[in-house]
Amino acid sequence: MSDSVPRSFIRALPKAELHMHLEGALEPELALAFAQRNGLALRFGSVEELRESYKFSDLQSFLDLYYECTASLITEQDFYELTLSYLQHAAADGVRHVEVFFDPQSHTPRGVKFETVISGVRRALEAGRLQYGISSYVIMCFLRHLSAEEAMATLEMALPFKDEILGVGLDSSEAGHPPMKFAEVFARARAAGFRCVAHAGEEGPPDYIKQALDLLHVDRIDHGVRAFEDAFLMRRLAKEQVPLTVCPLSNVRLGVFPSLNQHNLKRLLEAGLLVTINSDDPAYFGGYVSDNYIAVQDALSLSREEIGEIAANSFRASFLAEEQKRIRLNELEAYTRRY
Ligand code: ADE
Ligand code: ZN
Numbered sequence: 144m145s146d147s148v149p150r151s152f153i154r155a156l157p158k159a160e161l162h163m164h165l166e167g168a169l170e171p172e173l174a175l176a177f178a179q180r181n182g183l184a185l186r187f188g189s190v191e192e193l194r195e196s197y198k199f200s201d202l203q204s205f206l207d208l209y210y211e212c213t214a215s216l217i218t219e220q221d222f223y224e225l226t227l228s229y230l231q232h233a234a235a236d237g238v239r240h241v242e243v244f245f246d247p248q249s250h251t252p253r254g255v256k257f258e259t260v261i262s263g264v265r266r267a268l269e270a271g272r273l274q275y276g277i278s279s280y281v282i283m284c285f286l287r288h289l290s291a292e293e294a295m296a297t298l299e300m301a302l303p304f305k306d307e308i309l310g311v312g313l314d315s316s317e318a319g320h321p322p323m324k325f326a327e328v329f330a331r332a333r334a335a336g337f338r339c340v341a342h343a344g345e346e347g348p349p350d351y352i353k354q355a356l357d358l359l360h361v362d363r364i365d366h367g368v369r370a371f372e373d374a375f376l377m378r379r380l381a382k383e384q385v386p387l388t389v390c391p392l393s394n395v396r397l398g399v400f401p402s403l404n405q406h407n408l409k410r411l412l413e414a415g416l417l418v419t420i421n422s423d424d425p426a427y428f429g430g431y432v433s434d435n436y437i438a439v440q441d442a443l444s445l446s447r448e449e450i451g452e453i454a455a456n457s458f459r460a461s462f463l464a465e466e467q468k469r470i471r472l473n474e475l476e477a478y479t480r481r482y
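So the mapping is simple: this note's numbering equals the position in the sequence shown, first residue as 1, plus 143.
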């Protein structure tokens, strides 16, 4: 790492995290402890054995294990402890604001009530606000490998909790499940007042990014790195300043790029896109948000200004009100001037 960007500068840099799945913060220690106290048997006997299995060839190979471990989450207390564990890492990483994803459809079919999940998550987010001063919003994602009808039923289930959930997203297996499949669900969500985001252009083609913009009318694209294959789309994303929530360590672990040196994040920035850095599933991909910043800085030699700009983008791309964005951007500016 170049001396001009010390790790301590990156770690304490005020930032927002906009792309992280709470279920992806399930460290092996937590998964095994929750399974044990809930009387469930995971097929892994130890933390080491479970961690040893974190070798993924692509998105699907990760999702298979991810959904398996998610089954250890049963009680309100499990969701509370999971979320609080993430917030402790976030606080140590200079995070001031988070927009967290959760997947209701990973829980409700197992008999865990929607209310149990949202109540544990919200209780921890409130503790995070009081203990660490981290503000937060919740985004619930539809699992795109399931049907549009199931997504619509999930949306209906969420309506009584509308005040506790800011937005909807789209995740899980991308290839073969284009955004257009969910156009009606997103139209209904938008009409109900939810903000909209979607994973697109992680493994799927650039056309999925266009569909997410034109058919789902999303405010942000999660991942979006494959936009690079389409020059016209790149110009559009730059012109419209559509935020991309890029997750570098995730991309390497899931084989989207062979190595971090070959990641296109710097080229996306240089093309004028509004790029942010995020952890995706930090328990599985080798690091929380600051680890992602540090790894990228190491691999791509980003300047201190570029790192500062990415942190500023994280607030700009958030769903915070303009006044709240301004406060955090001022804090960031004061930090970079002082450091
Ligand atoms: N769910 C959790 N992590 C994901 C990812 N990287 N892509 C799609 N769905 C996900
Ligand atoms: Zn994701």
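Beta carbons: idealized from backbone N, C-alpha and C, even for Gly.
Query: Using a Cβ-based criterion (distance less than 7 Å to any ligand heavy atom), does residue 299 qualify as near the ligand ADE?; Result: no
Query: Can you name the residues that DSSP bridges to residue 278?; Result: 240
Query: With distances taken Cα to Cα, identify the nearest neighbour of residue 362 among 321, 163, 417.; Result: 417
Query: Give me whichever residues DSSP pairs with residue 286 in a beta bridge.; Result: 314
Query: Flag residue 486 as yes when its Cβ comes closer than 7 Å to any non-hydrogen atom of the ligand ZN, and as no otherwise.; Result: Nothing can be reported for residue 486: it is not among the residues displayed for the chain, which extend from 144 to 482.
Query: Is the beta carbon of residue 371 sitting closer than 8 Å to the one on residue 421?; Result: no
Query: Once you ignore the five residues that flank residue 468 on each side, which residues in its own chain have a CB closer than 8 Å to its CB?; Result: 458, 459, 461
Query: Thinking C-beta only, is residue 159 closer than 8 Å to residue 241?; Result: yes
Query: Got a sec? Which residues, its chain only, sit under 7 Å from residue 197 by beta carbon, not counting five neighbours each side?; Result: 427
Query: Would you call the segment 204-218 and the segment 155-175 in contact, with 3 or more CB pairs under 8 Å?; Result: yes
Query: Is residue 393 close to the ligand ADE? I mean its beta-carbon at under 7 Å from any heavy atom of the ligand.; Result: yes
Query: To which residues does DSSP link residue 387 through a beta bridge?; Result: 364, 418
Query: Are the Cβ atoms of residue 285 and residue 245 separated by less than 8 Å?; Result: no
Query: Is the closest heavy atom of the ligand ADE to the C-beta of residue 315 under 7 Å?; Result: yes
Query: Can residue 357 be considered in contact with the ligand ZN, in the sense that its beta carbon sits closer than 7 Å to one or more heavy atoms?; Result: no
Query: Pairing CB atoms from the segment 440-455 with CB atoms from the segment 392-412, are three or more of them under 8 Å?; Result: yes
Query: Check whether the Cβ of residue 201 sits closer than 7 Å to any heavy atom of the ligand ZN, and report yes or no.; Result: no
Query: Can you tell me whether residue 148 is helix, strand or coil according to DSSP?; Result: coil
Query: Are the CB atoms of residue 264 and residue 226 within a distance shorter than 8 Å?; Result: yes
Query: According to DSSP, simplified to helix, strand and coil, what is residue 158?; Result: strand
Query: With which residues is residue 423 paired in a DSSP beta bridge?; Result: 163
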